[in-house]
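Asker: Its first residue numbered 43, the sequence shown is counted upward by one per residue in our numbering. Heads up, the beta-carbon is just placed ideally off N, CA and C, and yes, glycines get one too.
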Amino acid sequence: MMRIIAGTHGGRKIFTIPKDKFVKPISGRIRQSLFDMLRPYVTGATFLDLYAGTGAVGLEALSRGAAKAVFVEKDGLCMKVIEKNIEQLGFAEKAKALKADVLSGLKWLEHFADYKGYDIVFMGPPYRTEDNLPLSYSYETLKLLAEAGIANPGSVIVCQHHKKEDVPTPDGLEHVRREKYGDTTVDFYRPVKK
Numbered sequence: 043m044m045r046i047i048a049g050t051h052g053g054r055k056i057f058t059i060p061k062d063k064f065v066k067p068i069s070g071r072i073r074q075s076l077f078d079m080l081r082p083y084v085t086g087a088t089f090l091d092l093y094a095g096t097g098a099v100g101l102e103a104l105s106r107g108a109a110k111a112v113f114v115e116k117d118g119l120c121m122k123v124i125e126k127n128i129e130q131l132g133f134a135e136k137a138k139a140l141k142a143d144v145l146s147g148l149k150w151l152e153h154f155a156d157y158k159g160y161d162i163v164f165m166g167p168p169y170r171t172e173d174n175l176p177l178s179y180s181y182e183t184l185k186l187l188a189e190a191g192i193a194n195p196g197s198v199i200v201c202q203h204h205k206k207e208d209v210p211t212p213d214g215l216e217h218v219r220r221e222k223y224g225d226t227t228v229d230f231y232r233p234v235k236k
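1) Check whether chain C comes within 9 Å of Leu80, counting only Cβ atoms and requiring the distance to be less than that.
2) The beta strand (DSSP E) spanning Ser197 covers which residue range?
3) Count the C-beta pairs between the segment 185-194 and the segment 145-155 that are closer than 8 Å, then say yes if the count reaches three, no if not.
4) Compare the C-alpha of His51 against each of Phe57, Leu175, Arg106 and name the closest.
5) Leaving out five residues on either side along the sequence, give the residues of the same chain with a beta carbon under 6 Å from the beta carbon of Ala155.
6) Do the segment 53-62 and the segment 109-123 meet, that is, are 3 or more Cβ pairs less than 8 Å apart?
7) Would you kindly report the start and end of the unbroken beta strand (DSSP E) that includes Lys110?
8) Locate the alpha helix (DSSP H) running through Arg81, then write down its first and last residues.
9) Please classify Gln130: is it buried, with 16 or more other beta-carbons within 10 angstroms of its beta-carbon, or exposed?
10) Considering only the alpha carbon of each residue, which of Ile68, Gly97, Leu104 lies closest to Arg81?
11) I'd like the span of the beta strand (DSSP E) that includes Met165, first residue to last.
12) Quick one: residues in its chain with C-beta nearer than 6 Å to the C-beta of Arg219, no 5 flanking neighbours on either side, listed in chain order?
13) Give the C-beta separation of Asp143 and Lys116 to the nearest angstrom, bearing in mind that I take them to be a contact with Cβ-Cβ under 8 Å.
14) Measure the CB-CB distance between Pro210 and Tyr179 and report whether it falls below 9 Å.
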C-alpha cells in the first residue's frame with residue numbers, strides 16, 4: 043500500500059497497480075528524498091510526471107503545493123489508477139492525466155502548461171520489459187524534452203533510472219546532481235541558458 047508522504051494530503055492512501063503487472067512504483071524512501079531536494083521549487087509549480095505509473099510523484103507534488111500536475115502514461119490500467127487517485131484525493135481541478143507514448147514526442151504538452159512551460163519535470167521510465175529485458179528510455183526522453191523546449195529556463199528535470207543504464211546528457215540540458223539508492227540512480231538536470 044502506498045500513501046502520500048506529506049503536505050495537505052499527507053498520510054492519505056493511493057491506489058496502486060497489482061505487483062504482477064510489471065510496474066515498479068517509486069519507493070517511499072526515494073520519493074521522500076526527492077521531495078526534500080525539490081522543496082524550494084514545488085510551491086506554485088506546474089509539474090510534469092512522465093511515465094507516471096500510479097501517479098505517486100505528481101500526486102505528492104500536488105499535496106506539497108504544486109499548482110498543477112500533468113500525468114503522461116501509455117498503459118491503460120495505469121491510466122485508470124491515476125484517474126482514480128486524482129478523483130479520490132480531490133485534485134480534479136489541478137490535475138490532467140493523458141494517455142500517450144512519451145517516446146512519440148513531447149512538444150504537444152506545452153498546451154497543458156498553458157504555453158508557460160513546466161517548472162518541474164519528473165520521469166521514471168520502465169527499467170525492463172515484461173520479458174525482463176533491459177530498457178534504455180532515459181536518454182531518448184531527455185533528448186525529446188530538450189528538443190520540445192517545454193521546460194522553463196529555471197526548471198528542474200529529474201530522471202530516475204537503473205544504475206546500469208548509461209544516460210549521456212543531451213544537448214540543451216546541463217547535468218547538475220546525482221543521487222544513488224540501491225539499484226536506482228536519480229539524475230537532476232536544468233535547461234542550458236540560451
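Answerer: Once the coordinates are examined:
1) No chain C appears in this structure, which consists of one protein chain only.
2) Taken as a continuous stretch (DSSP letters only), the beta strand (DSSP E) holding Ser197 covers 193-204.
3) Counting C-beta pairs with one atom in each stretch, the segment 185-194 and the segment 145-155 have three or more that are closer than 8 Å, which means they touch.
4) Arg106
5) If you ignore the 5 residues before and after Ala155, its C-beta comes within less than 6 Å of the C-beta of Thr88, all in its own chain and listed in chain order.
6) At 8 Å Cβ cutoff, the stretches touch.
7) 110-115
8) 70-84
9) exposed
10) In terms of CA proximity to Arg81, Leu104 leads the group Ile68, Gly97, Leu104.
11) 160-165
12) Annotation for Arg219: Phe230 place their beta carbon closer than 6 Å to its own, counting only its chain and skipping 5 residues before and after.
13) Between Asp143 and Lys116 the beta-carbon gap is near 5 Å, inside 8 Å, which marks them as a contact.
14) no
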